[in-house]
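Following my numbering, the numbering of the sequence shown begins with 5 at its first residue and continues without gaps. The beta carbon of each residue, even a glycine, is placed where N, CA and C say it ideally should be. From a predicted model like this one, the values you see are computed outputs, not experimental measurements.
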Amino acid sequence: WLQKLIDDLEKSLQQAREALGSIIDNPDMPVTELATHQQTIDAETATIQKRLDRTREEAA
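Encoded structure:
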């Protein structure tokens, strides 16, 4: 289960980092593209939090 947790967190973190990198590298991107990257960051960080919360509950 630990490897699954690591893989899940790593995947979400990578997607959030890629979206953030795109925002940093392209500060003049169209608003719609910016919104897409912001949604990705929001969704992936929420996924990370849910996975950590579930793991914390399972470990209790």
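Practice task
Note down the Cα distance separating Ala50 from Leu17, rounded to an integer number of angstroms.
Solution key: 11 Å
Practice task
Just mark Glu48 as buried or exposed, buried being the case when its beta carbon has 16 or more other beta carbons within 10 Å.
Solution key: buried
Problem - Stretch-stretch touch, CB-based, cutoff 8 Å, three pairs: the stretch 50-63 with the stretch 27-35 - result: no
Exercise for the section: Report yes if the CB atom of Leu6 is closer than 8 Å to the CB atom of Arg55, and no otherwise. Expected result: no
Exercise for the section: Please list, in chain order, all residues of the same chain as Ile45 whose beta carbon is under 7 Å from its beta carbon, the five residues on each side excluded. Expected result: Ala20, Ala23, Leu24
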